[in-house]
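**Q** Just passing along the structure, written as structure tokens.
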């Protein structure tokens with residue numbers, strides 16, 4: 001039984017990561033999302049080319065091959081956030097998790113990255129609604 005648990009540790013998780021795949025970073029704490037979006041990539045129609053690039057990059061990231069950071073931009077309602085959530089849902093069984101960092105916690109981003117540096121899982125750091133304005 002111990003050997004089986006040890007072998008499944010990466011895919012099944014441990015601690016808060018065992019039963020959750022989406023989180024928020026709130027005042028220095030990683031908190032599970034109570035009701036995560038269970039959207040799938042198949043529900044996005046017309047974005048196959050863009051999705052393939054993100055899927056390929058995410059797969060490389062999970063397999064510890066060269067991957068790049070991704071910035072999705074576009075008008076509101078075009079599926080940027082739901083694409084990321086769908087990617088997490090698709091790759092959760094391969095050890096992918098997502099942590100959303102809100103604007104108020106961006107100054108603590110380096111602390112979060114340090115916390116996650118030696119973790120078994122791979123994390124997407126998700127920053128939604130990022131605006132670049134003169135007064136922001």
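Residue numbers (the UniProt record's numbering): 1 to 136. Each residue gets a CB set at the ideal place from its N, CA and C atoms; glycine is no exception.
Would you mind reading off the limits of the beta strand (DSSP E) that contains residue 26?
**A** Position 26 of the chain shown, counting from 1, holds the residue named residue 26. 22–26 is the extent of the beta strand (DSSP E) around residue 26.
**Q** Rounded to whole angstroms, what's the CA-CA distance from residue 97 to residue 23? Just pull it up for me.
**A** As a position in the chain shown, residue 97 is number 97, starting the count at 1. As a position in the chain shown, residue 23 is number 23, starting the count at 1. If you take the alpha carbons of residue 97 and residue 23, they lie about 8 Å apart.
**Q** By alpha-carbon positions, which one of 19, 100 and 84 ends up nearest to residue 50?
**A** Residue numbering aside, residue 50 sits at position 50 when the chain shown is read from its first letter. Of the candidates 19, 100 and 84, 84 places its Cα closest to the Cα of residue 50.
**Q** Provide the residue(s) that pair with residue 71 in DSSP beta bridges, ordered along the chain.
**A** Start at 1 with the first residue of the chain shown, and residue 71 comes out as number 71. In DSSP, residue 71 forms no bridge with anything.
**Q** Going straight from the alpha carbon of residue 76 to that of residue 32, what length do you get?
**A** Within the chain shown, numbered from 1, the residue matching residue 76 stands at position 76. Within the chain shown, numbered from 1, the residue matching residue 32 stands at position 32. So the two alpha carbons sit approximately 25 Å from each other.
**Q** When you compare the segment 122–130 with the segment 80–95, are there three or more beta-carbon pairs, one atom per stretch, that lie closer than 8 Å?
**A** yes
**Q** So residue 25 and residue 107 are in contact, right, with Cβ under 8 Å, and what is the actual spacing, rounded?
**A** For the purposes of this step, residue 25 is identified with residue 25 of the chain shown, where counting begins at 1. For the purposes of this step, residue 107 is identified with residue 107 of the chain shown, where counting begins at 1. Not confirmed; about 11 Å, so no contact.
**Q** Can you list, in chain order, the residues of its chain whose CB lies under 6 Å from that of residue 114, leaving out five sequence neighbours each side?
**A** By 1-based counting over the chain shown, the position of residue 114 is 114. Cβ within range, chain order: n/a, list empty.
**Q** Where do the N-terminal and C-terminal ends of the alpha helix (DSSP H) with residue 53 fall, by residue?
**A** Reading the chain shown from its first residue, position 53 is the one you call residue 53. Its alpha helix (DSSP H) spans residues 48–62.
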